[in-house]
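Q:
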Amino acid sequence: MTNGQSERTPDLVESVTASPDPQIALAAQLVASAQEASPLLADLVRVASVPRKFDASLLRLLIDHQPSDEEFSTAFSTLIALPFVVRRRDGKYRMHDEIRRALLARFAAAAHDRELLRTLNERLADHYEAQHEQARTVADQFDTVDDLLRQVSPDRVIAMRAAVENQLVRPLIEAQHHRNVADPAEAGLSYFRQSFELYESEGRLEVCRLLLRSWRDDIAGVAGDSANSLHDWDMYYQVRLAVAEADGHHAREIASKLVAQPGLDPKLRMQTQALVTGSLMAECRFADALKETTAEIALRDDDDPDPPNRWVVFAQQAEIHRLLSDGEAQAASLSRALEATRAAGNRDSEAAILNRLSAAQAKQGRIADASRHAIQALHIARTLRPPGAATAAQQCAIQLMRSFGSADPRLADLFHTEAVHLTRGHDIHRFVRVETSYVAALRGACRFERAHEVLDQVDVRLGDQHPLERSAVLLSRGILLDAEGREREAVARNRHTVEEVERRRGGNWSLAAALTNAATTQMHIGDLLDDACSSADRARDLWLAMGHARGVARADVVRAEVSRRRADYAGAKTALGSKPPLEAMGLEDIWYWTAANVAADLDLLDEAVDHMNAVLELTMRTGQLRDAARAAARLVEILLHAGRQDEAAAAVGRLTDLMARLRKLRQYRQESASKQADEHSGRAVRQLSIASPRPFDAVRSAAQHLDDAQSADPGPCWYSLNQAYAFLRLGDKKSVSKAIEAATAKAAGTTFEEPIASLAAELAAFAWQ
Amino acid sequence: MSLLEPADIKDFDPADIVDREPEASRFQNLLEFATQRRILAVSDDSGWGKSTFLKKLRYLCEYKHNVPVALIPLEDFDDRPDEFELVSDIVDQLKRAGVPFPSFDRLNIARLLHDAGLFVDRLRGAVNAEAAVISGGQVAGSIFNIEHADNVGVPDWTDEANRQAKLLCLEAFLADLFETASKRTVVIILDNVEHTTEQLRRWMFKTLVSDRILATPDAEHKLIVVMAGEKLQPRLTSRFEDLARFDFISALGTWEPEDTARLFEVHGLNGLLPHQVIQLHGSIVAREVSLTSALAIAAIYTGGATWK
């Protein structure tokens, strides 16, 4: 255009101001004028209004054709010299708000342009998403060299950390913004939720906070039907963030406003309710949490708007009961959760619930039920598709190790190997869970040396990182030393654990647990009885504040034992009460032990015998062989003192039997053939459980590994059982039958005989989908 | 954006500012501290020259009054709506003008190094020594939630510790800022207040204005805050009861024809015909088109010079 051209538009001002929509009229004139100068410039003017900031490379991305560098550079220079293009503080550019609004209004005016605008926003979102992914890689790399760099050049670390953080957050927020502009109700919401949950799972709440702020800003202008729903999601994530920040009070405050919203999606209400319960659990307010969950269940009994996820509320209730050590109530809730998963056809969750049920029943000494449910879970794990199969298989391996590994060291080694094969390299939490479960099994089987070896390896792997996991390992070491009879070392370790937990403010639960462990160890050592009292009293106060009846009762038993050891029998009896507190909460053995000894000291020998017999039965039922042997020995002593020679002889018989079993366990050494067989089995299970580009080859390879495992060690039933599932996938029904028969034969005489035999029918009927 | 030089500082030429003298003199009156007014609120619709006027105020601070000043365009924080980021930018600009932020600097370095032990120690020393608003003991307790900071080892750095550390950095910033403002004039200019998230606005209105500026007797500090935005005046009058500390410019004043001609000239739009300038000036005075729209229309008129 020249001055001559401008003569052709003398009434431009009037045509703009008189237009029904002056903004759109102005935008149209701008684009038309640019078009006369250069079609590329017109494109740039239009597309530059879409991003909130731009530079040359971003605009290149937004135009469809690819001009030469020179042509583009000229047009871009013209664009940024326009009086309504502003330079930002980060060196990029933006359109002045008023002109940007005008150009965007023009986009919105026609259907074709609206579609184009949506495409441009999606393209920008894709671009920023890719930038964010790159930034994540850089951030990971920076984390690995951070320590070294801090020693070499701390100043640079400051600048680099700030730069890395910015590179991570800014593209993420821009990607979210453009997804939201393109489609707030679907893609925008989905991207926000996905990003928030990713960073929440990584514990990077700073990013979550920024995401939530900017998303809230993005959705503020959304009108129409989806506006209310988005507002509800905003509140839900505020609750979620507050829970993650351990600000339960604030979380519950927002949650109460959210659930009072008229027309709230029932599913969102339920998810919010679950967060409220979770926040109470995190504060160890178990009684309140239980009340919330019970109310929720009652509500859902009347009219459940989300039957597929009904199991979740029962599972949460079961978790509260578990934390309260109420085994029977836990099992009852898990049974209802199981029923709900089955009704929903949710096999992944069914397997998880079966494992938890098995663990609860094993703890109660219901070994037959526990083994039946463990095998049912295993069956589901072996017949699920990846990646659910891997998760379920690992849960099964851990559960079998924990509940049955003490009595069967071979099984513990086998499933430990399997669980290790199913753990992803960088998943520290899962790694620690597998190893501490293995240590618990080793401890139960008196394989102390091996247990220490395993904990040493875990220590090396954790180094100075992962404080939460380290606390779990510390607790595990203390319990191990105590079980080993190295009580003074256990005391020292427990003191250290208490200090660690206090230092980190790991929460009342961790502190109370560490204090209770400390008190339980100290009460066995004559010169530490005062310490035992003070630890128990501190723990008792904490448990009381949490409404944790079992913790309080346990602390009372510790006080009773201390009183007994100080010959204060009246005090001991007062602390004990008249009967074991809280049935089915795993306190009976410790209560009966102290009660028996109090009675024995007071020469109430019949009462002492009854109580000690109760200890023996309880510990035998739950597979605590060392405790059972200790009870049997003390029983013999009391019976002899009471002059009940025949019964004493019978008790000696039981003691001999127990000692033989313990000796056998202690003599157990893993043979190299068994180790080799377990390795083959572990690999096979991995191949059956994780996704493979060539699934058929993977299954064939698994079957071969299981052949090799059986050649190396024909004893265990598990290799044949696993092979049955490999054959099932290969469609070889005849081999399935043979393998399950072999597994049943090998399981004969074990607790798994009946459950494995019952699988034959299920496998024959199973149709692989 | 602490690593970057604000881009428009280099671009800005005081000769490009057209008029706005009456409004500028309102600001300069504040700098004399003859009244208790400490906040200048500039309200007008988009495109009427608020941002350019604020640049003029910054120029006056820097070159005429030799007063430390920070100009913050809030719309540039859309990709990181974080009050800490905002404060860091203010700190960077004021530090270049010679305002020290010793407590903030020490805490922020410790924070960025994720050095919890250093953080607790430095904070205890720095903040107590300089009689700032928070004590070391409280700080240690609030960051790491520990009762006896002296009895324990170096706490781990966590996301929560980082959040708390940032909050304390913000506190330290305000303590440092008011420490300087008790002795000399400091100006903070916030542009496009409406173009930011609710949380950032809350920090500005509640933490900075209400809890600090309005809560501190006017005789005790020489901190001037200028805010600009669309519909800012009603926003502020509905939020604050006591408006004695505020001076409001409810709309930027209109111009003479020569001012309009000068506006086009400073933007390089030199080929306009006299009647076009008159027509555009009339529309501006009638508020039919904003200054930005007038510039866009002028760019269309003068296409040849502008588009190529």
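As they're listed, the protein sequences go chains A and B. Here this note's numbering is used: position 532 in the first sequence is 1334, and no number is missing along the way. Here this note's numbering is used: position 5 in the second sequence is 6, and no number is missing along the way. Yeah, the Cβ is synthetic: ideal placement off N, Cα and C, and Gly gets one too.
Of all the residues that make up the segment 874 to 889 of chain A, which are near chain B by a beta-carbon distance shorter than 9 Å?
A: Result list: THR876, THR880, ALA883, LEU884, PRO885, PHE886, VAL888, ARG889.
Q: With which residues is B:ARG39 paired in a DSSP beta bridge?
A: Answer is none; B:ARG39 lacks a bridge partner.
Q: So which residues on chain D does A:ASP857 lean against when the C-beta distance must stay under 7 Å?
A: This model lacks chain D altogether; the protein chains it does include are A and B.
Q: With contact counted as at least three CB pairs below 8 Å, one residue from each stretch, are the segment 1499 to 1508 of chain A and the segment 1281 to 1296 of chain A in contact?
A: They do not touch, by the three-pair rule.
Q: Taking the alpha-carbon positions, what's the B:ASP122 to B:LYS167 distance?
A: Bear in mind that the predicted position of B:ASP122 carries a pLDDT of just 43, short of 50, making it too unreliable to give a figure here.
Q: Would you mind telling me which residues of chain B sit closer than 7 Å to A:GLU900, beta carbon to beta carbon, in chain order?
A: The contacting residues are SER47, GLY48, SER291, THR293, SER294.
Q: Note down the Cα distance separating B:THR277 from B:LYS57, rounded to an integer number of angstroms.
A: Reading off the sequence shown, one finds Gln at residue 277 of chain B, where the question assumed Thr. If you take the alpha carbons of B:GLN277 and B:LYS57, they lie about 27 Å apart.
Q: When you compare the CB of B:THR261 with every CB in chain A, is at least one pair closer than 8 Å?
A: Not one chain A Cβ lies under 8 Å of B:THR261.
Q: At a cut of 8 Å, does the segment 1076 to 1090 of chain A reach the segment 1329 to 1337 of chain A through at least three beta carbon pairs?
A: Output reads no: the segment 1329 to 1337 of chain A does not touch the segment 1076 to 1090 of chain A.
Q: The alpha helix (DSSP H) with A:ALA1401 in it runs from where to where?
A: Element bounds for A:ALA1401: 1390 to 1403.
Q: Report the rounded CA-to-CA distance for A:LEU1136 versus A:ARG1158, giving the unit in angstroms.
A: Cα to Cα, A:LEU1136 sits roughly 7 Å from A:ARG1158.
Q: Just checking: is the beta-carbon of A:SER1016 within a distance shorter than 8 Å of some beta-carbon in chain B?
A: By this cut-off, A:SER1016 is an interface position.
Q: Counting Cβ pairs closer than 8 Å, one from the segment 1213 to 1222 of chain A and one from the segment 1235 to 1245 of chain A, do we hit at least three?
A: Yes: at least three Cβ pairs fall under 8 Å.
Q: On the CB-based measure, 16 or more other CB atoms within 10 Å of its CB, does B:LYS232 come out buried or exposed?
A: Per the 10 Å Cβ criterion, exposed.
Q: Determine the burial state of B:SER26: buried for a count of at least 16 other Cβ atoms within 10 Å of its Cβ, exposed for fewer.
A: With fewer than 16 Cβ atoms within 10 Å of its Cβ, B:SER26 is classed as exposed.
Q: At a cut-off of 7 Å, is A:LEU1159 close to the ligand SAM when judged by its beta-carbon and the heavy atoms of the ligand?
A: No copy of the ligand SAM occurs in the structure displayed, which carries no ligand at all.
Q: For the structure I just gave you, are there three or more beta carbon pairs, one from the segment 37 to 56 of chain B and one from the segment 984 to 997 of chain A, closer than 8 Å?
A: No contact exists between the segment 37 to 56 of chain B and the segment 984 to 997 of chain A.
Q: Select from A:LEU881, A:ALA1314, A:LEU974, A:ALA883 the residue whose C-alpha is nearest the C-alpha of A:GLU1085.
A: Residue A:ALA1314 is the option with its Cα nearest to A:GLU1085.
Q: Considering only the alpha carbon of each residue, which of A:LYS1093, A:GLY1207, A:SER821 lies closest to A:ALA1161?
A: Ranking the options by Cα distance to A:ALA1161, first place goes to A:GLY1207.
Q: What first and last residue would you give for the alpha helix (DSSP H) that runs through A:TYR1001?
A: 991 to 1003 is the extent of the alpha helix (DSSP H) around A:TYR1001.
Q: Please report how far the alpha carbon of B:VAL188 lies from the alpha carbon of B:LEU61, in whole angstroms.
A: Using only the alpha carbons, I get a separation of about 11 Å.
Q: If you check the beta carbons only, do A:VAL1359 and A:ILE1392 fall under 8 Å apart?
A: Their beta carbons are under 8 Å apart, which means A:VAL1359 touches A:ILE1392 by this criterion.
Q: Answer with yes or no whether the minimum CB distance from A:THR819 to chain B is below 8 Å.
A: Closer than 8 Å: yes.
Q: For B:ILE40 versus B:VAL210, is the C-beta distance shorter than 8 Å?
A: Against a cut-off of 8 Å, the Cβ pair of B:VAL210 and B:ILE40 comes out as a contact.
Q: Look at A:ARG1342 and A:ALA1320 and say whether their C-beta atoms are less than 8 Å apart.
A: It is not a contact, given that the beta carbons lie outside the stated cut-off.
Q: Look at the Cβ atom of B:PRO258, then the Cβ atom of B:ASP177, and state whether they are nearer than 8 Å.
A: No. Outside cutoff.
Q: Hey, does B:ASP17 have any beta-carbon neighbour from chain A nearer than 8 Å?
A: B:ASP17 does not count as touching chain A.
Q: For the segment 930 to 943 of chain A against the segment 888 to 900 of chain A, are there 3 or more C-beta pairs whose distance is under 8 Å?
A: Not touching, per the Cβ criterion.
Q: Does B:ALA16 pass the burial test, meaning 16 or more other C-beta atoms within 10 Å, or should it be called exposed?
A: Exposed, since its Cβ has fewer than 16 Cβ neighbours within 10 Å.
Q: Taking only three categories from DSSP, how would you classify A:ILE1056?
A: Helix at A:ILE1056.
Q: Count Cβ pairs between the segment 1175 to 1184 of chain A and the segment 1198 to 1212 of chain A that sit closer than 8 Å; are there 3 or more?
A: Yes, the segment 1175 to 1184 of chain A is in contact with the segment 1198 to 1212 of chain A.
Q: Which same chain residues, not among the five before or five after A:ALA1444, have their C-beta less than 6 Å away from its C-beta?
A: Cβ neighbours of A:ALA1444 beyond the five flanking positions: LEU1407.
Q: Which word fits B:THR238, buried or exposed, when buried means at least 16 other C-beta atoms lie within 10 angstroms of its C-beta?
A: Label assigned to B:THR238: exposed.
Q: Give me the subset of the segment 65 to 91 of chain B whose CB atoms are less than 8 Å from a CB atom of chain A, sorted by chain position.
A: Cβ contacts with chain A come from PRO74, GLU76, ASP77, ASP79, ASP80, ARG81, PRO82, ASP83, ASP90.
Q: Buried or exposed: where does A:THR1096 fall if 16 or more other Cβ atoms within 10 Å of its Cβ makes it buried?
A: Looking at its Cβ environment, which holds fewer than 16 other Cβ atoms inside 10 Å, A:THR1096 is exposed.
Q: Given A:LEU1082, which residues of its chain have a CB within under 6 Å of its CB, disregarding the five upstream and five downstream residues?
A: Once the five neighbours on either side are set aside, the close Cβ partners of A:LEU1082 are ASP1090, ALA1091.
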